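K.L.:
Encoded as structure tokens, here's the structure I'll be asking about.
Number of protein chains: 2
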Amino acid sequence: MIGTRQKELLKEIVEEYVKTARPVGSKTLCKKFKCSSATIRNDMATLENLGYLEKTHISSGRIPSEEGYRYYVDNLMEAKKISGEDMLKLQTIFNNKELELDDAISKSLEIISDITNYTSVILGKESSDNRLQKVEVVPIDSRQLIAIVITDTGHVENKSIVLEENIPTEEISKTTELLNKMLIGTPIDEVPSKLEFEIKPVIRNYIENYEVVYNAFYNALSNFTSERDVKFTGKTNILKQPEFSTVDDVKNIISKFESKDMVSKIEETNDEVKVYIGSENEIDDNVTVVKTKYKVGGREGSIAIIGPKRMEYERVVSMLEYIKEHIEGGKEDKLEKEEQ
Amino acid sequence: MIGTRQKELLKEIVEEYVKTARPVGSKTLCKKFKCSSATIRNDMATLENLGYLEKTHISSGRIPSEEGYRYYVDNLMEAKKISGEDMLKLQTIFNNKELELDDAISKSLEIISDITNYTSVILGKESSDNRLQKVEVVPIDSRQLIAIVITDTGHVENKSIVLEENIPTEEISKTTELLNKMLIGTPIDEVPSKLEFEIKPVIRNYIENYEVVYNAFYNALSNFTSERDVKFTGKTNILKQPEFSTVDDVKNIISKFESKDMVSKIEETNDEVKVYIGSENEIDDNVTVVKTKYKVGGREGSIAIIGPKRMEYERVVSMLEYIKEHIEGGKEDKLEKEEQ
DNA sequence: TATTAGCACTAAGAAAGGAAGAGTGCTAAA
DNA sequence: TTTAGCACTCTTCCTTTCTTAGTGCTAATA
Chain A
1 MIGTRQKELL KEIVEEYVKT ARPVGSKTLC KKFKCSSATI RNDMATLENL GYLEKTHISS
61 GRIPSEEGYR YYVDNLMEAK KISGEDMLKL QTIFNNKELE LDDAISKSLE IISDITNYTS
121 VILGKESSDN RLQKVEVVPI DSRQLIAIVI TDTGHVENKS IVLEENIPTE EISKTTELLN
181 KMLIGTPIDE VPSKLEFEIK PVIRNYIENY EVVYNAFYNA LSNFTSERDV KFTGKTNILK
241 QPEFSTVDDV KNIISKFESK DMVSKIEETN DEVKVYIGSE NEIDDNVTVV KTKYKVGGRE
301 GSIAIIGPKR MEYERVVSML EYIKEHIEGG KEDKLEKEEQ
Chain B
341 MIGTRQKELL KEIVEEYVKT ARPVGSKTLC KKFKCSSATI RNDMATLENL GYLEKTHISS
401 GRIPSEEGYR YYVDNLMEAK KISGEDMLKL QTIFNNKELE LDDAISKSLE IISDITNYTS
461 VILGKESSDN RLQKVEVVPI DSRQLIAIVI TDTGHVENKS IVLEENIPTE EISKTTELLN
521 KMLIGTPIDE VPSKLEFEIK PVIRNYIENY EVVYNAFYNA LSNFTSERDV KFTGKTNILK
581 QPEFSTVDDV KNIISKFESK DMVSKIEETN DEVKVYIGSE NEIDDNVTVV KTKYKVGGRE
641 GSIAIIGPKR MEYERVVSML EYIKEHIEGG KEDKLEKEEQ
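Here you go:
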């Protein structure tokens, strides 16, 4: 079992290492713990046996292992303890009620990236329970149409429709009218099934060449909402961290950032602020990812901060918690006010 | 003046250095020129005096200077000489008449990036002479509208409009109707002035609270087309080049790529394929940028290939020329066919 | 029993030296 | 104009040495 002083010691070592990026030696901690280096060394050895500390070589100081960081995050750090200075910076954003939600989120992540030198990512999309407000179809030429879909939160998306054969304009406008009649108010993720099971049977009776028309519209409307906004802030910040000191490290992490499945690895399903240290995340063993999900006012998505494992956990977690609370809480206040 | 053998020599040195990335020594070129290393050395010294060659240190072989590359590009390389293999790869794309223009361009740049290991960028936008086809306005709530603008080439853009005070629905739809009547067929870059000088005076007579409405619409419609598509292919490719062998080099070039004004530095105003070597380009002294402008079928923009100064100039220039010719020529053929 | 002093030991990192190799410039001869 | 020859220069790689910051272990101490 881990003793009280040992816990304190682990906490101190993590924080010291986070600050300096150098292995922590026993002497450094003497004053703090008012005991000799030998005592510290004994405790360090215990913590190493428990798997919380590592050495870079046989006679080096200690650095936290992945388990060490994990223990720190779970048991030692004081989350929710956002510093006054950090809070102040974020407050200026959330006090500005003019700001749109998306802008507020990106501005606050810009601040985090700026003051921490980590990389942050916002992954956003339309909430899947937003409802379809209007379908508009504009002809471009005899075979090409543009379908525009608008949701009740004001999100607009458009798709080009290519018809396999010429269809009279009236057929198109009849279909559009029908779609509007039957689809308005439908949550967008239910649109495909409603098309298939409710609209298709009806269209069949109204429209001459219904298969061509139906297929074209189905393709356009069912792939809606597949696109996601992704915004990186400070993509190169993480390169400033001393852990990326060799060319290969840098190339490696950059190519991970650029890779196609990066986006899917940012998504967070959990509702709290979660910390994924090293091998716990799918991006790279050398980084820590702090993520959370948000959902408010027709928008939902994930926010992630990516930094070295040697990360200022307390700071990042507490700032992310603060942001999450304020975008979800704060913006609901705002919506209520507007409704009055 | 530069003699014939010296030209040959410079050409050979550029090409050898491009291939190997190591300074070229006099011995290497003996067989090729059927003379002794001393002769080569004399000529090299001349070329160095003329500013076309450099040494990395006093007893090293020679590498081309920026002027050397420039001379090579202007006088020595055989452009238009695309290799059969490269041509074949590009042909498969341009023969595929199914492909949309944008896709054809990005596919061909993917190929270039793949086979050369350089980075390519496409900067595209709607042509400024495209014409407005339709304006649609959808209300979201009492104060918020979505304006959707469609051009004759099927490009759609939308902007949210926030009204400063409540405006009756009829006023909005009257305005929309008016806009459609007066703006259809207007080239999009003429929309702002037409709003100001033709629409504003008319609106004044029809609409109660015309200033609020006019301002809201003006903001929405005049900032249209400001957004540009940017697509990088192989952003990390250039890191594979041996010139980026130190961490600082890599970090430096990456941060240039990420910087905000990168996009503006890609734009090419010249109609030919142009080569910007080292300090000639604004991105970074250590890279060469090969750029060209294209304009076809409602789209226009620039294409750029970014690689080390030690670039396969002949290959890149000839491939880019081939692509430019084919997207502009080829797609016009296609358009004509479709019109028949 | 927990702490401490002392000491032998280890690895990293920086500095210095040396040898090999690739290439040059210059001189003088062909 | 070309070439052979030679002294010279730098880079690169390898080895050695020294310093330093740290360790583990043992034995003494509170």
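Each protein sequence line maps, in turn, to chains A and B. For the first sequence, position 44 (counting from the first letter as 1) is numbered 44 according to this note's numbering, and the numbering increases by one without interruption. Offset between the second sequence (1-based) and this note's numbering: plus 340. Idealized CB from N, CA, C, for every residue including glycine. Quick caveat: nothing in here was measured; it's all calculated off a predicted structure.
Where does B/Gln484 sit, in a helix, a strand or coil, going by DSSP?
P.N.:
In this structure, B/Gln484 counts as strand in the three-state DSSP scheme.
K.L.:
To the nearest angstrom, report how far apart B/Val542 and B/Glu551 are at their CA atoms.
P.N.:
12 Å
K.L.:
Relative to the C-alpha of A/Glu328, which residue among A/Ile305, A/Asp271, A/Asp285, A/Glu280 is closest?
P.N.:
A/Asp271
K.L.:
What does the alpha-carbon distance come out to for the pair B/Ile452 and A/Gly234?
P.N.:
28 Å
K.L.:
If we cut at 7 Å on Cβ distances, does A/Asn166 have a partner in chain B?
P.N.:
no
K.L.:
Go to B/Arg402, then tell me how far its alpha helix (DSSP H) extends in each direction, as first and last residue.
P.N.:
Going by DSSP, B/Arg402 is part of no alpha helix (DSSP H) but of the beta strand (DSSP E) stretching over 402 to 404.
K.L.:
Would A/Ser302 and A/Lys293 qualify as a contact pair, given that the criterion is a beta-carbon distance under 7 Å?
P.N.:
yes
K.L.:
What is the DSSP secondary structure of B/Ile547, counted as helix, strand or coil?
P.N.:
Reduced to three states, the DSSP call for B/Ile547 is coil.
K.L.:
Helix, strand or coil for B/Arg410? Go by DSSP, reduced to three states.
P.N.:
Three-state DSSP puts B/Arg410 in a helix.
K.L.:
For A/Glu258, go through chain B and note every residue whose CB falls closer than 8 Å to its CB, in chain order.
P.N.:
Lys575, Thr576
K.L.:
So what's A/Ala104 in DSSP terms, helix, strand or just coil?
P.N.:
helix
K.L.:
Mind pulling the chain B residues with CB within less than 7 Å of A/Lys134?
P.N.:
Val478
K.L.:
Indicate whether B/Thr576 and A/Ile254 have their beta-carbon atoms separated by less than 7 Å.
P.N.:
yes
K.L.:
Mind listing the chain B neighbours of A/Leu239? Cutoff is C-beta to C-beta under 9 Å, in chain order.
P.N.:
Val587, Val590, Lys591, Ile594, Ser595
K.L.:
Between the C-alpha atoms of B/Thr683 and B/Pro479, what's the straight-line distance to the nearest angstrom?
P.N.:
Nothing about residue 683 of chain B can be reported from this structure: the residues present for chain B run from 341 to 680 only.
K.L.:
Between A/Gly185 and chain B, is the shortest Cβ-Cβ distance under 7 Å, so that the two count as touching?
P.N.:
No, A/Gly185 lies away from the interface with chain B (no Cβ there is under 7 Å from its Cβ).
K.L.:
Would you identify the three-state DSSP class for A/Phe232, choosing helix, strand or coil?
P.N.:
When secondary structure is reduced to three states using DSSP, A/Phe232 falls in the strand class.
K.L.:
For A/Gly301, name the three-state secondary structure that DSSP assigns.
P.N.:
strand
K.L.:
Quick check: the Cα distance between A/Lys331 and B/Gln431, rounded to an integer number of angstroms?
P.N.:
Here the model assigns A/Lys331 a pLDDT of 49, short of 50, so the residue's position is not dependable, and the following value carries that caveat. Their backbone Cα atoms lie some 54 Å apart in a straight line.
K.L.:
Kindly say whether B/Ile455, judged by its beta-carbon, lies nearer than 7 Å to any beta-carbon of chain A.
P.N.:
Answer no: the Cβ-Cβ gap between B/Ile455 and chain A never drops below 7 Å.
K.L.:
Would A/Ile306 pass as an interface residue toward chain B - the criterion being a Cβ-Cβ separation below 7 Å?
P.N.:
no
K.L.:
Just tell me which of A/Glu157, A/Glu12, A/Leu76, A/Asp249 has its CA closest to the CA of A/Ile137.
P.N.:
According to the sequence shown, residue 137 of chain A is Val rather than Ile. Looking at the Cα atoms, A/Glu157 is the closest of the given residues.
K.L.:
Of all the CB atoms in chain B, is at least one closer than 7 Å to the CB of A/Gly154?
P.N.:
yes
K.L.:
Rounded to whole angstroms, how far is the Cβ of B/Ser467 from the Cβ of B/Glu640, which I believe are closer than 8 Å?
P.N.:
5 Å
K.L.:
Tell me where the beta strand (DSSP E) around A/Tyr294 begins and ends.
P.N.:
287 to 296
K.L.:
Assign A/Phe94 to one of two classes, buried (16 or more other C-beta atoms within 10 Å of its C-beta) or exposed (fewer than that).
P.N.:
Around the Cβ of A/Phe94, a 10 Å sphere holds 16 or more other Cβ atoms; the residue is buried.
K.L.:
What do you get for A/Gly51, buried or exposed, if any count of 16 or more other CB atoms within 10 angstroms of its CB means buried?
P.N.:
exposed
K.L.:
Should the segment 59 to 74 of chain A be called in touch with the segment 305 to 313 of chain A, which here means at least 3 C-beta pairs below 8 Å?
P.N.:
Yes: at least three Cβ pairs fall under 8 Å.
K.L.:
Got a sec: is the Cβ-Cβ distance from B/Ile486 to anything in chain A below 7 Å?
P.N.:
yes
K.L.:
Listing by chain order, which chain A residues have their CB less than 7 Å from the CB of B/Asn498?
P.N.:
Val156
K.L.:
For chain A, is any of its Cβ atoms less than 7 Å away from the one on B/Ile490?
P.N.:
yes
K.L.:
Check whether the segment 365 to 384 of chain B touches the segment 620 to 628 of chain B, counting contact only when three or more Cβ pairs, one atom from each stretch, lie closer than 8 Å.
P.N.:
no
K.L.:
In whole angstroms, what separates the C-alpha of A/Ile167 from that of A/Asn180?
P.N.:
Cα to Cα, A/Ile167 sits roughly 19 Å from A/Asn180.
K.L.:
So is A/Ala45 buried or exposed if we call it buried at 16+ other beta carbons inside 10 Å?
P.N.:
exposed
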